[in-house]
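J.: Letter 294 of the sequence shown, counting from 1, is numbered 306 in my numbering, and no numbers are missing. Note that the Cβ used here is the ideal one computed from N, Cα and C, for glycine as well. Only a predicted model underlies this, so the values are computations on that prediction, with no experimental measurement involved. There's a structure below that I have some questions on.
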Amino acid sequence: MGPAPAGSSPETPWPVRVVSSKITQWIDRLGAVWVEGQITQISRRPGTRTAFLVLRDPSADISLPVTCSPNLLTDSPVELTEGTRVVVLGKPAFFPGRGSFSLRVTEIRPVGLGELLARIERLKALLRAEGLFDDRLKRTLPYLPRCIGLVTGRASAAERDVMSVTQRRWPDVQFKVRNTAVQGPGAAAQVIIALRALDADPEVDVIVIARGGGSVEDLLPFSDEALCREIVAAVTPIVSAIGHEPDNPLCDYVADIRAATPTDAAKRVVPDVVAELALLRELRGRSTTALRTWVTREERLLGQLRTRPVLADPGRAITDRAAEVERLRSIARRDVDRLLVAAQSEVSHVRARLSALGPTATLARGYAVVQSISRDGELHVVSTVDNAPAGTELRIRVNDGVFWATAGEREQPKEGDDE
Numbered sequence: 013m014g015p016a017p018a019g020s021s022p023e024t025p026w027p028v029r030v031v032s033s034k035i036t037q038w039i040d041r042l043g044a045v046w047v048e049g050q051i052t053q054i055s056r057r058p059g060t061r062t063a064f065l066v067l068r069d070p071s072a073d074i075s076l077p078v079t080c081s082p083n084l085l086t087d088s089p090v091e092l093t094e095g096t097r098v099v100v101l102g103k104p105a106f107f108p109g110r111g112s113f114s115l116r117v118t119e120i121r122p123v124g125l126g127e128l129l130a131r132i133e134r135l136k137a138l139l140r141a142e143g144l145f146d147d148r149l150k151r152t153l154p155y156l157p158r159c160i161g162l163v164t165g166r167a168s169a170a171e172r173d174v175m176s177v178t179q180r181r182w183p184d185v186q187f188k189v190r191n192t193a194v195q196g197p198g199a200a201a202q203v204i205i206a207l208r209a210l211d212a213d214p215e216v217d218v219i220v221i222a223r224g225g226g227s228v229e230d231l232l233p234f235s236d237e238a239l240c241r242e243i244v245a246a247v248t249p250i251v252s253a254i255g256h257e258p259d260n261p262l263c264d265y266v267a268d269i270r271a272a273t274p275t276d277a278a279k280r281v282v283p284d285v286v287a288e289l290a291l292l293r294e295l296r297g298r299s300t301t302a303l304r305t306w307v308t309r310e311e312r313l314l315g316q317l318r319t320r321p322v323l324a325d326p327g328r329a330i331t332d333r334a335a336e337v338e339r340l341r342s343i344a345r346r347d348v349d350r351l352l353v354a355a356q357s358e359v360s361h362v363r364a365r366l367s368a369l370g371p372t373a374t375l376a377r378g379y380a381v382v383q384s385i386s387r388d389g390e391l392h393v394v395s396t397v398d399n400a401p402a403g404t405e406l407r408i409r410v411n412d413g414v415f416w417a418t419a420g421e422r423e424q425p426k427e428g429d430d431e
């Protein structure tokens, strides 16, 4: 709380009349203002010079007392009743005697249908620009809800339609109904309260807001900005079933599902048990037929496989292969034997050639290998007479052994020695 005005203190407090006078002065400074609202209460008595009204803000739970001349009500070109949207020109006034506040009105202008539609269009454009109509925000309805929350008028045709059609389609479904005003002052606020309660209930799987048809003025609460934003903020999927097919209040655009009528909403929320059972029987029959066809086809294929030779006499293939293997083994053995004989013959020929050309055969023909022995004991083959001067010790190898000799004097070869 701010500091007290000058001249006001615990020691020198202001009397009530001073405070009332100052409040009157402050309010008088505001002057005349134009105010828009919805008439929620009209009180006028014959013979009095003042009529009393209550003007309410449609988007908030705020009301304002209004006083005016009864002539403004009787002379209005449109009958002013509770629920009428109006624009008034008035001057705020404070009455010190009663300590009350009111708006003294000197002019009342009913808001026409065209202006209402224009305002709805402007609000529609605003909500669309904010993305509240985006399909990505739409929640998916459960296939089979256990409990349905229903917001509708008390004992209304919409309530009967939704409940009767839904229970006929799926008898086990449960309802939690919140009856509210569905037109006139305070309708939007009551619908918001009911919507919040059902959205907070964990047993409720889907919420239906239902109302029968009506004029633009009758359906005006369902184009309320606060209600539209509440629908978007809800966690539970919401179905809007307001009016008939041509009616399109703004809550139709922000709801997850828009139903043309309350009956259409019931059909969208739950499946038809008769149709579902019929579909189940059909699918079961199709599955049975498909399974039987598959089994018959597989049995036929199995029968064909069993009649094939490989399965009729499984050992025949092994027997045929065994005979073929034995034949191939005989051929292989014969070829190997032939190769071995040829190889042995070739080895014998090579061995004979080696024996004929080897030193042993040469020694057998009468030749000898003569080696000289040096002083250090090394052996050197004597290939010329110069290699074995007289007195050289010689080692002579012949065919059947080795003997030692000493070289004598050199002798000139005689004619015919080479032979």
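(1) According to DSSP, simplified to helix, strand and coil, what is Gln316?
(2) Are the beta-carbon atoms of Ala253 and Ala238 separated by less than 8 Å?
(3) Between the C-alpha atoms of Arg318 and Ala324, what's the straight-line distance to the nearest angstrom?
(4) I need the DSSP call for Thr331, collapsed to helix, strand or coil.
(5) Can you tell me the Cα-Cα spacing of Arg280 and Asp87, whole angstroms?
(6) If we call anything under 8 Å between Cβ atoms a contact, is Pro108 one with Ser227?
(7) By how many angstroms is the C-alpha of Gly198 removed from the C-alpha of Asp73?
(8) On the CB-based measure, 16 or more other CB atoms within 10 Å of its CB, does Arg190 come out buried or exposed?
(9) Any contact between the segment 196-215 and the segment 244-251? By contact I mean 3 or more CB pairs, one from each, below 8 Å.
(10) Measure the CB-CB distance between Arg148 and Pro283 and report whether it falls below 8 Å.
(11) Are at least three pairs of beta-carbons, each pair with one atom in the segment 135-150 and one in the segment 91-111, less than 8 Å apart?
(12) Tell me, please, whether the segment 381-389 touches the segment 402-418 by the rule of three or more beta-carbon pairs shorter than 8 Å.
(13) Can you check whether the CB of Glu171 is closer than 8 Å to the CB of Ile204?
(14) Report the residue from Lys188, Gln179, Arg116 and Trp306 whose alpha carbon sits nearest the alpha carbon of Val286.
(15) Of the residues Gly196, Glu94, Ala206 and Ala44, which one's Cα is nearest the Cα of Ile219?
(16) Which complete beta strand (DSSP E) runs does the segment 73-132 hold, if anything under 3 residues is left out?
(17) On the DSSP bridge list, what partners appear for Thr301?
(18) Nearest to Arg158 by alpha carbon, out of Asp184, Cys263 and Leu144?
(19) Of all the options Pro261, Ile39 and His361, which has the alpha carbon lying nearest to the alpha carbon of Asp236?
(20) How would you label Pro233, buried or exposed, when you count the other beta carbons within 10 angstroms and need 16 or more for buried?
(21) Go through its chain and collect everything with a Cβ distance to Asp173's Cβ below 8 Å, but skip five positions before and after it.
(22) Where does Asp44 sit, in a helix, a strand or coil, going by DSSP?
(23) Which word fits Ala354, buried or exposed, when buried means at least 16 other C-beta atoms lie within 10 angstroms of its C-beta?
(24) Quick check on Gly420: buried or exposed, where buried means 16 or more other Cβ atoms within 10 Å of its Cβ?
(25) Under three-state DSSP, which class holds Ala23?
(26) Run the CB neighbour count on Ile343, radius 10 Å, all protein chains shown included, and call it buried at 16 or more, exposed below.
(27) Taking C-alpha atoms, which residue in Leu375, Thr404, Ser395 and Phe187 lies nearest to Gly389?
(28) Could you tell me the boundaries of the alpha helix (DSSP H) in which Ser176 lies?
(29) If I measure Cβ to Cβ from Thr93 and keep anything under 8 Å in the same chain, skipping five residues before and after, which residues do I get?
(30) Since I believe Pro82 is in contact with Val98 (beta carbons under 8 Å), could you give me their beta-carbon distance rounded to a whole number of angstroms?
(31) Could you check if Thr96 is buried or exposed, using at least 16 other CB atoms within 10 Å of its CB as the buried criterion?
(32) Restricting to Cα atoms, I'd like to know which of Arg341, Arg61 and Arg110 is closest to Thr36.
(33) Just to confirm the assignment, what range does the beta strand (DSSP E) spanning Ala278 have?
(34) Taking the DSSP output, what are the residues bridged to Val244?
T.: Taking the definition as stated:
(1) helix
(2) no
(3) 6 Å
(4) helix
(5) 49 Å
(6) no
(7) 8 Å
(8) buried
(9) yes
(10) no
(11) no
(12) yes
(13) no
(14) Gln179
(15) Ala206
(16) 75-80, 97-107 and 112-122
(17) Its beta-bridge partners do not exist; DSSP assigns none.
(18) Asp184
(19) Pro261
(20) buried
(21) Ala222, Thr273, Pro274, Thr275 and Ala278
(22) Before going further, note that residue 44 is Ala rather than Asp in the sequence given. Coil at Ala44, not helix or strand.
(23) exposed
(24) exposed
(25) Sequence inspection shows Glu at residue 23; the Ala mentioned does not correspond to that position. The answer is coil: DSSP assigns Glu23 none of H, G, I, E or B.
(26) exposed
(27) Thr404
(28) Ala169 to Arg181
(29) Ile51 and Ile54
(30) Val98 to Pro82, Cβ: 16 Å. No contact.
(31) buried
(32) Arg110
(33) Per DSSP, Ala278 belongs to no beta strand (DSSP E); it is in the alpha helix (DSSP H), Pro274 to Val281.
(34) DSSP, once it has assigned bridges, lists no residue as partnering Val244.
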